[in-house]
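Encoded as structure tokens, the structure appears first; notes follow it.
Protein chains: 2
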Amino acid sequence: MKVYYIICEDNNDYRDSLVDFLDEDAELICCGAFANTDKVLDAIISCEPDVVLMDIDMPGKNGIESLKEIKESFPKVQVMMLTVFEDRENIFEAICSGATGYLLKNSSPELISKSIKEVVQGGAPMAPVIARKILQLFQKPEKSNASFQLTLHEQQVLKLLVDGLSYKMIAAKLNIVIDTVRFHIKRIYYKLHVHSAPEAVAKAIRENLL
Amino acid sequence: MKVYYIICEDNNDYRDSLVDFLDEDAELICCGAFANTDKVLDAIISCEPDVVLMDIDMPGKNGIESLKEIKESFPKVQVMMLTVFEDRENIFEAICSGATGYLLKNSSPELISKSIKEVVQGGAPMAPVIARKILQLFQKPEKSNASFQLTLHEQQVLKLLVDGLSYKMIAAKLNIVIDTVRFHIKRIYYKLHVHSAPEAVAKAIRENLL
DNA sequence: TGTACAGCTACACAATGATGTAGTTTCAAA
DNA sequence: TTTGAAACTACATCATTGTGTAGCTGTACA
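These protein sequences, in sequence, are chains A and B. Once you know that position 133 of the first sequence is 132 in numbering that gives the first Met the number 0, the rest is easy, because the numbers rise by one and skip nothing. Once you know that position 3 of the second sequence is 2 in numbering that gives the first Met the number 0, the rest is easy, because the numbers rise by one and skip nothing.
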């Protein structure tokens, strides 16, 4: 199996030595090594790589922007991030934009080599610490309600409001009088620092007070 | 380094042979091997394991339910799923409930052994195909707007509505008359099949028509 | 040249929502 | 027993929203 790859990495020493190492492996064929992202799209057109190794911090357009462009035009090309950044923002942006791998630069060349092959075989290699952080992105912030201190009734009312019910319907659903609904909603607005149903709904969904 | 683990797995042959294999490794110490999830919590209390290997399909309470209970009471215990299931629902449920690893049963014992250690070192080992699917969960459904066909102006108005602006403020912001705002909102409601601002806002956020 | 259509403006009116004030009940702590 | 807070009911009033109807552009297309 031959795997064609391109690398974008502005550190010349790191890039060259990595490519040198990967050249040892007859299955890995480098068809482009760039110090920035300017020519990636052209290179992809001309050499049709399987994988792009992408640094993030580079002069000019950064790696995540470039990733977006690549996935826009060539969704089948797999992009694996190879960077020093391990903060939530970069990780999140990268995987939302379609990266199918995320390694750190302290990875051994052997691991990088193995990972490139894994990507084309349908995997998604990630540095352990990255994998852990990605999973943590799924852990629900556990009803951020804590900070707003909505009572049980207020939560119920808010939920129905989010579901699009009118005051009248909420009252019917909860077997209370419409004035009580008003009362609760006043409280909710006060606690959420909003002044209308749309605002409250938006806040409720975004901070998930469901 | 000693790693204490518990395994829940109803296939006796598989469980026993895996434990036998892992026993070879002096660093791995099994302090519980169960065919169901009944006694896990007790076992965790008495032996304080670092890791729990958890099957999903088991008689009685299934592995994901048990996972939830474990993380509820012992958030620091790491749970790694070890199952044949690789469907989105199970994966999603498991990682949302706090699993920090997800292997498939066709994994080699060596990989399982390595993964147990990786978990306690802050990693999140996943089978390649699982990792890929998890990353795909992040890929945005790309402005589902397609199906609603909102015009540019309608999107603008909707956005401001979501931001909690009143008709008057929206009109001011877009330099149009309030009646035009009404007009757009009528259209939006029609296209979104809703009849009030809260409903529209909820739908806009959930289907992200931002 | 006309006509179809999307986008905008306008007006009207009933329904609903936002907000203030005030009184009642309940329950638990002082 | 009193006090106080939380939850609820009630009423009033003005602002805003939801909806129907209608007329005016400009542009694209037959």
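Every residue gets a Cβ at the ideal spot worked out from N, C-alpha and C, and that includes glycine.
Taken in chain order, the whole beta strand (DSSP E) runs of length 3 or more contained in the region 11 to 83 of chain B are 27 to 33, 50 to 53, 77 to 82. The three-state reading of DSSP puts B:M0 in coil, since its state is none of H, G, I, E or B.
Cβ atoms of B:V180 and B:A196 stay farther apart than 8 Å, at about 12 Å. Within chain A, the C-beta atoms nearer than 9 Å to that of B:V193 come from G163, in chain order. Contacts with chain B at 8 Å (Cβ-Cβ) include A:G97. Shown here, A:L103 sits in a strand according to DSSP, grouped into three states. Following the DSSP letters along the chain, one finds A:L208 in no alpha helix (DSSP H), marked with neither H nor E. For A:Q154, the enclosing alpha helix (DSSP H) has its first and last residue at 151 to 161. In the three-state DSSP reduction, B:I90 falls in the helix class (H, G or I). A:T82 places its beta carbon less than 8 Å from that of A:G62.
For B:F182, the enclosing alpha helix (DSSP H) covers residues 177 to 191. Only residues of its own chain outside the window of five on either side were considered, and among them E85 have a CB closer than 7 Å to the CB of A:V128, listed in chain order. A direct Cα-Cα distance of roughly 49 Å separates B:C30 from A:M57. For A:A170, the enclosing alpha helix (DSSP H) has its first and last residue at 166 to 173.
Beta bridge pairing from DSSP links B:C7 with B:F33, B:M53. For B:P124, there is no enclosing alpha helix (DSSP H), as DSSP marks it with neither H nor E. The beta carbon of B:I90 lies closer than 7 Å to those of Y101, I129, K132, I133 in the same chain, with the five residues before and after it left out. For B:R131, the residues of chain A that pass the 7 Å Cβ criterion are T99, G121, G122, A123, in the order they occur in the chain. For B:D9, the closest of B:K60, B:E109, B:Q77 by C-alpha to C-alpha distance is B:K60. Within chain A, no residue has its beta carbon less than 7 Å from that of B:P58; the closest one is some 28 Å off. Scanning chain A for C-beta atoms nearer than 7 Å to the C-beta of B:A196 yields A196, P197, reported in chain order. Interface flag for B:I63 against chain A is unset, since no Cβ pair is found closer than 8 Å. The Cβ atoms of A:K167 and A:I177 lie closer than 8 Å to each other.
Sequence-distant partners of B:L27 (beyond 5 residues in either direction) whose C-beta falls short of 7 Å from its own C-beta, in its chain, are V2, Y4, L21, S112, I115. A:Q135 has its alpha-carbon roughly 15 Å from the corresponding atom of B:Q120. The beta carbon of B:L66 does not come within 8 Å of any beta carbon belonging to chain A, so the residue lies off that interface.
By the Cβ criterion, the region 156 to 165 of chain A is in contact with the region 187 to 204 of chain A, since at least three pairs of Cβ atoms, one from each stretch, lie closer than 8 Å. Between A:L208 and the set A:L173, A:K172, A:V156, A:I175, the nearest pair of CA atoms involves A:V156. Sequence-distant Cβ neighbours of B:Q77 in its own chain, meaning closer than 8 Å and more than five residues away, are D49, V50, V51, T99, G100, V118, V119. Interface flag for B:F137 against chain A is set, since a Cβ pair is found closer than 8 Å.
If you draw a straight line from the Cα of A:H152 to the Cα of A:I175, it is about 11 Å long.
By a beta-carbon distance limit of 8 Å, A:M53 does not contact A:L40. Their separation comes to about 13 Å.
Nearest neighbour of A:E68 by Cα position, chosen from A:K172, A:I43, A:H194, turns out to be A:I43.
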